[in-house]
Structure formats: C-alpha cells, structure tokens
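So the protein sequences, as listed, match chains A and B.
Every letter in the first sequence is one number past the one before it in my numbering, and letter 166, counting from 1, is 172.
Every letter in the second sequence is one number past the one before it in my numbering, and letter 197, counting from 1, is 203.
See below for the structure under consideration.
There are 2 protein chains.
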Amino acid sequence: MSTKHVEPTEPYRGVRDFYPHEWSTLTAIFETLRKNVTLWGYEEYNASPLERAELYESKTSEEIVSEQTYTFTDRGERRVTLRPEMTPTFARMLAGKRREVPFPVRWFSIPNLFRYERPQRGRLREHYQLNVDLAGIEGTEADIEIIEIAAGILKAFGAEDKDFIIRVSSRTLLSAACKAANLGDARAREYIRLLDRKAKMTAEEFKAESSALSPVSPLDLIVNKDATIMPEKQELEHILEELAKRGISNAVFDPTTTRGFDYYTGMVFEVFDTDTRNPRSLFGGGRYDNLVSLFGGDSIACVGFGMGDVTLSDFLETHDLTPRTNDAPFLYVGTPSKDDVPAAQLFAKSLRDSGVSVLVHIGGKSLKDQIKEAVRREITYFIVFGSNETNSDSLTVKKLSENTEEIVSKENLSEYLTRD
Amino acid sequence: MSTKHVEPTEPYRGVRDFYPHEWSTLTAIFETLRKNVTLWGYEEYNASPLERAELYESKTSEEIVSEQTYTFTDRGERRVTLRPEMTPTFARMLAGKRREVPFPVRWFSIPNLFRYERPQRGRLREHYQLNVDLAGIEGTEADIEIIEIAAGILKAFGAEDKDFIIRVSSRTLLSAACKAANLGDARAREYIRLLDRKAKMTAEEFKAESSALSPVSPLDLIVNKDATIMPEKQELEHILEELAKRGISNAVFDPTTTRGFDYYTGMVFEVFDTDTRNPRSLFGGGRYDNLVSLFGGDSIACVGFGMGDVTLSDFLETHDLTPRTNDAPFLYVGTPSKDDVPAAQLFAKSLRDSGVSVLVHIGGKSLKDQIKEAVRREITYFIVFGSNETNSDSLTVKKLSENTEEIVSKENLSEYLTRD
Numbered sequence: 007m008s009t010k011h012v013e014p015t016e017p018y019r020g021v022r023d024f025y026p027h028e029w030s031t032l033t034a035i036f037e038t039l040r041k042n043v044t045l046w047g048y049e050e051y052n053a054s055p056l057e058r059a060e061l062y063e064s065k066t067s068e069e070i071v072s073e074q075t076y077t078f079t080d081r082g083e084r085r086v087t088l089r090p091e092m093t094p095t096f097a098r099m100l101a102g103k104r105r106e107v108p109f110p111v112r113w114f115s116i117p118n119l120f121r122y123e124r125p126q127r128g129r130l131r132e133h134y135q136l137n138v139d140l141a142g143i144e145g146t147e148a149d150i151e152i153i154e155i156a157a158g159i160l161k162a163f164g165a166e167d168k169d170f171i172i173r174v175s176s177r178t179l180l181s182a183a184c185k186a187a188n189l190g191d192a193r194a195r196e197y198i199r200l201l202d203r204k205a206k207m208t209a210e211e212f213k214a215e216s217s218a219l220s221p222v223s224p225l226d227l228i229v230n231k232d233a234t235i236m237p238e239k240q241e242l243e244h245i246l247e248e249l250a251k252r253g254i255s256n257a258v259f260d261p262t263t264t265r266g267f268d269y270y271t272g273m274v275f276e277v278f279d280t281d282t283r284n285p286r287s288l289f290g291g292g293r294y295d296n297l298v299s300l301f302g303g304d305s306i307a308c309v310g311f312g313m314g315d316v317t318l319s320d321f322l323e324t325h326d327l328t329p330r331t332n333d334a335p336f337l338y339v340g341t342p343s344k345d346d347v348p349a350a351q352l353f354a355k356s357l358r359d360s361g362v363s364v365l366v367h368i369g370g371k372s373l374k375d376q377i378k379e380a381v382r383r384e385i386t387y388f389i390v391f392g393s394n395e396t397n398s399d400s401l402t403v404k405k406l407s408e409n410t411e412e413i414v415s416k417e418n419l420s421e422y423l424t425r426d
Numbered sequence: 007m008s009t010k011h012v013e014p015t016e017p018y019r020g021v022r023d024f025y026p027h028e029w030s031t032l033t034a035i036f037e038t039l040r041k042n043v044t045l046w047g048y049e050e051y052n053a054s055p056l057e058r059a060e061l062y063e064s065k066t067s068e069e070i071v072s073e074q075t076y077t078f079t080d081r082g083e084r085r086v087t088l089r090p091e092m093t094p095t096f097a098r099m100l101a102g103k104r105r106e107v108p109f110p111v112r113w114f115s116i117p118n119l120f121r122y123e124r125p126q127r128g129r130l131r132e133h134y135q136l137n138v139d140l141a142g143i144e145g146t147e148a149d150i151e152i153i154e155i156a157a158g159i160l161k162a163f164g165a166e167d168k169d170f171i172i173r174v175s176s177r178t179l180l181s182a183a184c185k186a187a188n189l190g191d192a193r194a195r196e197y198i199r200l201l202d203r204k205a206k207m208t209a210e211e212f213k214a215e216s217s218a219l220s221p222v223s224p225l226d227l228i229v230n231k232d233a234t235i236m237p238e239k240q241e242l243e244h245i246l247e248e249l250a251k252r253g254i255s256n257a258v259f260d261p262t263t264t265r266g267f268d269y270y271t272g273m274v275f276e277v278f279d280t281d282t283r284n285p286r287s288l289f290g291g292g293r294y295d296n297l298v299s300l301f302g303g304d305s306i307a308c309v310g311f312g313m314g315d316v317t318l319s320d321f322l323e324t325h326d327l328t329p330r331t332n333d334a335p336f337l338y339v340g341t342p343s344k345d346d347v348p349a350a351q352l353f354a355k356s357l358r359d360s361g362v363s364v365l366v367h368i369g370g371k372s373l374k375d376q377i378k379e380a381v382r383r384e385i386t387y388f389i390v391f392g393s394n395e396t397n398s399d400s401l402t403v404k405k406l407s408e409n410t411e412e413i414v415s416k417e418n419l420s421e422y423l424t425r426d
C-alpha cells in the first residue's frame with residue numbers, strides 16, 4: 007500500500023489527463039491513422055472497455071490474464087475485465103456476425119486498453135492502440151496488405167524507410183524448424199517464448215537455455231536453410247520480395263521475431279525505430295487463423311496489427327514528426343462593455359453559421375486585456391464589436407499573428423476570414 | 007447471481023458493441039456535437055475513465071457513489087472508480103492548472119461514463135456524453151451562452167424549436183424561496199430533491215410530502231411572486247428574455263426543474279422532447295460555482311451541461327433526424343486473378359495517395375462475385391484491373407449506384423472519381 011501523498015488534483019496512478027493542447031495533438035495523430043486506414047477500405051468499429059473476464063481465459067498468455075489485467079467481480083457476481091488488448095474483442099464481434107457481414111472483413115478501431123503494471127516510460131496503465139484487422143483471406147496477399155498499411159502510416163507522418171525497420175518472420179516456419187529439431191508442441195512453445203526474449207539476453211545465456219531445451223537449434227536450422235523447412239521459408243521470401251516491389255525497402259527477415267501472444271499462427275512482424283536514441287520495438291502484428299473459431303464455428307483466417315499511441319508518439323517526437331495543431335478559435339470578438347455582448351453574439355451567430363469559430367468576450371475585461379488574451383490563446387483574428395460597429399457597415403480586422411489590420415465590410419467578413 | 011446462458015460472442019451485460027455501421031452513425035453524431043461546440047471557441051479535453059474513488063466522495067449525491075458506481079480496489083490498495091459523470095474530472099483538471107490556463111476556460115469532452123444499474127431503455131451501464139463547460143464568468147451571459155449552445159446543437163441536427171422545450175430555473179431562486187418559507191439548509195435540500203421527483207408523483211402525493219416538510223410551500227411563493235424572492239426571479243427572467251431575442255422561442259421558466267446533483271448553485275435547465283412518443287428529459291445542466299474549490303483554492307464560477315448519446319439518439323430517431331452515413335470505400339478494384347493483385351495494388355496506391363479510398367480484391371473470387379460484393383457494400387465505383395488494364399492507358403469505370411459506365415484515362419481517374 008502506497009503512503010505517498012496524492013494531490014487531490016492528480017489523476018489515478020499510471021493514467022493520463024489530456025488537457026486541450028495534448029488532446030489536440032493526440033486527435034491529430036488519430037486522424038492520420040484513421041485517414042490512412044480508411045483509404046484501404048477499412049471500416050471503424052468500437053466496443054466497451056468492459057469485457058467478460060472469460061473472453062481472455064485460454065485465449066491469451068496466462069501471465070496477462072492472471073497478473074496484468076484489471077479484473078473485478080460485479081454485484082451480479084460477474085467477472086469483468088478492462089480490456090488489455092483489442093484482438094479478442096475483434097474476434098468475438100466477428101464471430102457474432104459471421105453469417106451477416108460480407109467477407110473479407112476489413113475493420114479497424116482505436117480503443118483504449120488497460121494493463122495493471124508498474125508505470126514506466128511507454129508502459130502506462132492505459133494507452134490507446136490502433137487495431138487493423140483483415141479477416142477471410144488465407145494467402146500472403148493479406149499479410150502483404152497489412153504490412154504495407156503499417157509502413158504507409160509511418161510514412162504518412164513523414165517518416166522515411168531509413169527511420170524504421172520491419173522485421174518479419176513466420177510462426178509456421180518456426181514450428182517447422184522446431185519439428186525438424188524434434189521438439190514436441192510444449193517444448194516448441196517454450197522455444198518460441200525463449201526466442202521472444204533473445205534480444206534481452208547475452209549470447210551465452212541464450213545458447214545455454216536453447217541447448218537445455220533442444221540439442222539441435224531450430225534457429226540454426228533456419229539460418230542454415232535446412233531443406234525440410236524451405237517451403238515455409240519461400241512463402242516469407244515471397245512476402246519480402248513483394249513488399250520491396252511496392253517501395254518498402256526496409257522489411258527484412260528476422261527469425262527471432264515471434265511476438266508475444268500464443269494465438270499467432272503464421273506471418274509475424276515487428277517494427278523497430280532505427281534511431282539510436284529510441285531503439286525500441288514500435289509495434290507489430292501477425293496472422294492468427296484459429297482465434298475466431300474459439301467462439302464457435304469454423305476457423306476464419308485473420309491477420310492484423312496493433313499500434314500503441316505512446317510508442318508511436320515517442321517515435322514521432324524522436325524524429326521531429328509530431329503534428330503541430332492549433333485548436334484555438336479563429337476569431338476573437340472583443341466587447342467594449344458587457345452591454346455590447348448581446349449584439350456581438352448575434353453578429354457572431356451569423357459567422358458561426360457560415361463555419362467560422364468565434365469566441366465572444368463576455369467577461370467585461372478592458373479591450374487591452376482582451377487583445378492580450380486573444381494573443382495568448384494564439385487566435386488568428388480580432389475585431390471589436392461595440393455600438394460603433396453595430397451601427398456601421400464595416401469593421402477593423404486585426405490579424406494578430408502578423409500585427410496588421412484591415413477594414414472589411416460586415417457582409418464580406420466571413421468570406422474574408424476564410425479566404426485562404 | 008445470474009444463471010442465464012451467455013453466448014460467448016455476447017458483450018458484457020448492459021454495454022454495447024458498435025459494428026461499423028453503428029459506429030459510423032455515432033461518430034457522425036459526435037462530429038456534429040464537436041463542430042458546433044468548437045464554433046463557439048471550446049477546446050476538447052479528455053481523461054481516463056479510471057478515477058480515484060475519493061473524487062466522487064462528498065462531491066456528488068451519496069446514492070451514486072455507494073450504489074451506482076463501479077468501484078473496486080486495485081492491487082496497491084487504491085480504490086478506483088469508473089467515472090459515472092465528467093464534471094468532477096473537469097473540476098479536478100481545472101483546479102490542477104488554475105494558475106496556468108487563460109480564463110475564461112471553455113472546454114468540452116465526449117467521454118464514456120459508467121453506471122452500475124439495471125439495463126433498461128436509454129439507461130445502459132456505459133454511455134457517451136458530451137460535456138460542455140465554461141469557467142470563470144459569474145454573470146448571466148455565461149448561462150445564456152451555455153443554453154444557446156445546447157439549443158443550437160439540436161437545431162444543427164435539423165430539430166426545430168417546436169420539437170423540444172428548455173425548462174429553466176435557478177437554485178438561487180429555490181434557496182431564496184425555501185428561506186422565505188423558513189426552511190433550514192437540510193430541509194431545503196430535502197425540498198429540492200422532492201421537487202426533482204415531482205413529475206413522477208401524483209399531485210396529492212406531492213402535496214402531502216411538501217406539507218410534511220414545510221407548512222409554507224416554497225413553490226407557491228415562487229408561483230405567487232412573493233416579494234422577498236423577486237430579485238432572484240428577475241435574473242432568470244433576464245436570461246429567458248435574452249434567449250428569446252437570440253431566436254430561442256422554446257425556453258420557459260419551470261420552478262420544478264432542479265437537476266439531481268447537489269453541487270448546482272445557480273441557473274439550472276433541462277431539455278425535454280415535445281413528441282408524445284418520446285416525452286423524456288433529454289439532457290440538462292446548470293451553474294456550479296463551488297465545485298472547483300473542493301480541490302483547493304478559491305471558488306471558480308462554472309456553468310455547463312451534459313448531453314448523453316442514448317437519449318440524443320432516441321430524440322433524433324423519433325424526429326427522423328439521425329444522420330445517414332456511408333463508410334464504404336469509394337472504389338472497388340476488381341482483379342481477374344490473384345496474379346493481377348500486385349499491379350492492381352500499385353495502381354491503387356497512386357489513387358490512395360490522391361485521397362481516394364480503394365478496396366482491392368485479393369481473394370481470388372470471380373469478377374461476377376466481386377461486383378456483387380461491391381454492390382452489397384454500397385461502394386460507388388467499380389473497375390477491373392487485369393493485364394488488359396495494365397497495358398492500356400484507359401479503364402472502364404462502372405458507377406454501381408446508377409448502373410452506368412464510362413471509359414476514363416488512367417491519368418484522369420482520381421480527378422474523375424472526385425469531380426463532385
């Protein structure tokens with residue numbers, strides 16, 4: 007139990023408050039994600055962060071369900087989990103409408119996800135994650151589409167191929183290599199988990215654990231192009247060749263890429279920042295052809311990825327690609343006195359009706375302080391609307407960013423303000 | 007404990023899955039909300055649905071904290087609540103940056119909120135709610151702005167004044183009337199809660215409970231224009247007159263309007279549907295000048311409202327104002343065989359780069375089935391991209407909605423598709 011003093015204005019531990027400036031940056035990032043995925047014909051879905059706890063049991067790795075989720079019991083004795091990932095929700099919803107929706111299904115979502123863990127850089131208790139999934143296509147063309155979309159998103163923010171690397175492998179290939187090395191299913195799963203941890207181990211540590219699991223190293227079989235596993239290797243090579251033809255020069259084969267979840271069945275990939283200041287895994291995904299059938303019915307071939315907002319924001323920050331936003335209104339209408347407010351609001355209404363965002367000063371400050379406030383808020387234009395302006399056909403429009411002013415007729419004001 | 011069988015594809019009880027068609031309607035509604043509030047210079051903020059449970063203690067009515075919230079204890083012995091309303095979060099965040107943000111503060115948010123209650127029409131366990139708040143202005147001009155925004159939103163969806171009624175009252179006026187009737191603070195609070203329930207009682211029931219609380223009826227004092235409470239009445243009349251001048255003909259004084267929460271201090275309002283098929287309270291709000299100071303520091307005058315998505319959607323449905331949406335891609339690129347996919351994807355890339363959303367068929371279905379699929383998805387345009395098209399300078403473009411076709415040069419295709 008923590009005894010640290012908590013300020014009453016602080017949020018709950020490990021989650022974020024989004025003040026307008028921060029939220030406006032994040033929604034600009036979300037808009038770029040949304041736009042790029044809809045260009046491929048993907049449709050947005052959503053669901054509640056509350057899920058029945060059973061959804062995660064036997065579908066994800068045990069560690070996550072038991073220790074890393076927020077799970078509680080409601081007053082009706084139902085066990086509820088705050089979703090730690092979106093893929094089980096996607097599979098559940100898809101299974102529920104498998105007879106109604108046209109296939110293939112291309113869906114995406116930008117949910118918030120919850121994990122109960124010690125807050126640290128890039129690993130908050132709540133984060134947002136773009137989830138993109140394609141269901142109903144077995145062939146490599148679907149794997150290629152998913153990787154192409156993922157790479158295209160980073161490029162849409164202004165990143166270049168040299169800024170990130172896409173490491174691709176295949177669970178099918180890994181399984182074939184484990185089989186060729188005479189590992190049973192349980193040992194093969196253990197070996198795949200060992201590979202997942204390889205980057206965090208010394209070469210000696212890895213070798214020791216690997217030898218203990220299997221006298222013949224499945225990784226060596228892959229690297230040395232063992233004949234028995236070549237068909238699986240060729241499929242992966244086709245994916246990489248095709249990506250190169252489509253202008254993606256930074257996708258490479260990396261047999262140590264496995265992804266954490268047990269549900270992956272085929273191609274898996276993980277994207278890394280190449281910048282030495284932020285040499286992290288950014289996001290990844292893969293093929294999971296058996297998940298939907300856990301909810302009943304036949305298997306449905308699925309492939310997808312999840313891209314978290316915190317690691318993405320770090321990447322954009324590192325490469326100076328964070329979108330610049332300004333959520334201030336466009337025009338500040340100053341009022342010489344409170345008596346001028348009703349007429350100013352009526353005038354503002356006509357501008358709002360034509361799509362101009364207008365803040366009218368209603369607080370009775372001096373005009374000097376009103377201009378100061380408008381500048382501080384980074385509002386583009388400023389006008390005064392008092393009795394003179396009520397009775398006149400024209401107004402003086404200040405462009406605050408350039409410290410210029412111009413006389414404009416009331417009639418043309420909305421056109422003038424939106425002329426760029 | 008429920009023994010009802012739960013299908014594995016069902017969501018948790020009382021929350022909603024949003025399939026693409028449903029989510030696209032809801033996001034179109036959100037966009038109308040967002041657009042209309044930003045036209046007034048309001049900036050969007052957000053926060054986590056997880057809040058420290060203390061945030062709600064002594065700040066909202068006790069019933070809500072104790073019985074109607076999702077509250078649980080985390081592994082660090084911290085009590086966590088899934089936010090049941092946004093106003094305490096707004097007040098907390100505002101208090102946290104009161105020395106940094108420029109006043110007045112105009113903020114809005116569209117959070118999801120959680121209540122633990124029996125699911126019934128319009129009262130789910132999770133819903134979305136637009137929250138609009140203006141802080142730092144004591145005068146009636148702020149009350150008027152908030153009501154004008156609220157009414158403007160319904161009109162932006164196409165509603166007319168006759169479709170809804172805005173019932174306005176004042177906690178100041180009610181308190182003055184209770185004082186004139188010689189009620190102490192505790193009895194006055196009880197009386198205000200009684201008024202809040204008046205619409206659900208018979209006239210006799212109300213009269214009996216009212217007489218038991220107070221020999222002199224505060225409501226009668228208001229209706230009979232008792233001299234001691236007239237100053238408070240005048241303020242309210244000014245608000246109604248000013249709203250009428252700004253074209254809002256459907257705002258009326260209703261002394262039985264109180265709103266549920268204890269934190270209201272001044273003007274309160276509630277909007278009702280006038281349609282007899284849906285004669286419900288739609289949403290409401292009011293002034294709460296003392297809430298922010300509970301987090302430390304001086305009081306900050308605040309006024310705002312909250313508009314829930316479920317009641318709003320019911321209103322739009324009742325009046326046939328639900329926005330029509332189509333989230334299908336714009337162009338379907340048919341492929342005669344899987345071998346044609348790479349060239350088709352390369353061609354699609356050039357269209358996507360110019361902003362056209364394109365779905366490329368990668369599944370190997372017959373062209374006839376591909377056209378059927380495109381029609382079912384309500385996609386506007388269809389082209390075939392095979393070896394003929396790869397080697398030609400032009401393409402046949404089918405407009406599926408009108409069953410017409412035209413030959414268009416590849417070079418001009420994106421311009422042709424987006425010409426409207």
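All residues carry an ideal CB built from backbone N, CA and C; glycine is no exception.
Taking C-beta atoms as the reference points, ALA53(B) and ILE306(B) fail to come closer than 8 Å. Not a single C-beta of chain B is nearer than 8 Å to the C-beta of GLU166(A). DSSP places ALA34(A) inside the alpha helix (DSSP H), whose first and last residues are 26-44. Taking C-beta atoms as the reference points, GLY291(A) and GLY310(A) count as a pair closer than 8 Å. Rounded to the nearest angstrom, the Cβ distance from PHE353(B) to PHE391(B) is 6 Å, consistent with a contact under 8 Å. By the neighbour-count criterion, in which a residue is buried when 16 or more other Cβ atoms sit within 10 angstroms of its Cβ, ILE413(A) is exposed.
DSSP places LYS405(B) within a strand segment (E or B) once states are collapsed to three. For the pair ARG104(B) and GLY303(B), the CB atoms are nearer than the 8 Å cut-off. VAL229(A) is classed as exposed because its beta carbon has fewer than 16 other beta carbons within 10 Å across all chains shown.
For GLY158(B), the enclosing alpha helix (DSSP H) starts and ends at 146-162. Apart from sequence neighbours up to five positions away, the residues of its chain that approach LEU373(B) with a beta-carbon distance below 8 Å are GLY340, PRO342 and VAL390, ordered along the chain. Secondary structure note for SER415(B): its beta strand (DSSP E) is the uninterrupted segment 410-415.
Spanning the alpha carbons of GLN351(B) and GLU147(A) requires a straight line of approximately 10 Å.
Between ASP281(B) and ASP191(B), the C-beta gap is not smaller than 8 Å, which leaves the two residues out of contact.
Membership of THR95(B) in the alpha helix (DSSP H) is indicated by the continuous run 93-102. Using a Cβ-Cβ cut-off of 8 Å, SER363(B) counts as an interface residue toward chain A, since at least one Cβ of chain A sits closer than that to its own. Residue contact check for ASP80(A) against chain B: a CB pair falls below 8 Å. Distance from the CA atom of LEU100(B) to the CA atom of LEU136(B), rounded to whole angstroms, is 17 Å. Within the DSSP secondary-structure output, MET236(B) pairs in no beta bridge. For GLU63(A), the secondary structure class from DSSP, reduced to helix, strand or coil, is coil. Annotated as distal: TYR270(B) and ARG286(B), with beta-carbon spacing of 8 Å or more. For LYS405(A), no Cβ of chain B is located within less than 8 Å of the residue's own Cβ. Only THR44, LEU45, TRP46, GLY47, GLU49, GLU50, TYR51, ASN52, ALA53, SER54, PRO55, LEU56 and GLU57 from the segment 43-57 of chain B bring a Cβ to less than 8 Å from some Cβ of chain A. Residue environment for HIS367(A): buried (at least 16 other C-beta atoms within 10 angstroms of its C-beta). Close CB contacts of VAL298(B) within its chain, under the 8 Å cut and outside five residues either way in sequence, are with ALA97, LEU100, ALA101, ARG104, ALA141, SER305, ILE306 and CYS308 (chain order).
Cα atoms of SER407(A) and ARG89(B): separation of roughly 40 Å, rounded to the nearest angstrom.
Contact holds between the segment 172-188 of chain A and the segment 218-228 of chain A, because three or more Cβ pairs, one in each stretch, are under 8 Å apart. Per DSSP, reduced to three states, the secondary structure at ALA257(A) is strand. If you check each beta-carbon in the segment 82-101 of chain B against every beta-carbon of chain A, the ones closer than 7 Å belong to GLY82, GLU83, ARG84, VAL86, ARG98, MET99 and ALA101. In the same chain as ALA194(A), and ignoring 5 residues on each side of it, the C-beta atoms closer than 7 Å to its own belong to SER181 and CYS184, in chain order. Contact between LEU288(A) and PHE321(A) holds: their C-beta atoms lie close to 6 Å from each other, under 8 Å.
With respect to the 8 Å criterion, ILE254(B) and GLU154(B) are classified as neighbours on the basis of their beta carbons. Rounded to the nearest whole angstrom, the C-alpha separation of ALA157(B) and GLU247(B) is 15 Å.
Taking a C-beta distance under 8 Å as the contact criterion, ASP315(B) and HIS133(B) qualify as a contact pair. Below the 9 Å Cβ cutoff, chain B contributes no neighbours of THR75(A), its closest Cβ being approximately 11 Å away.
Following the DSSP letters along the chain, one finds ARG177(B) inside the alpha helix (DSSP H) bounded by residues 177-186.
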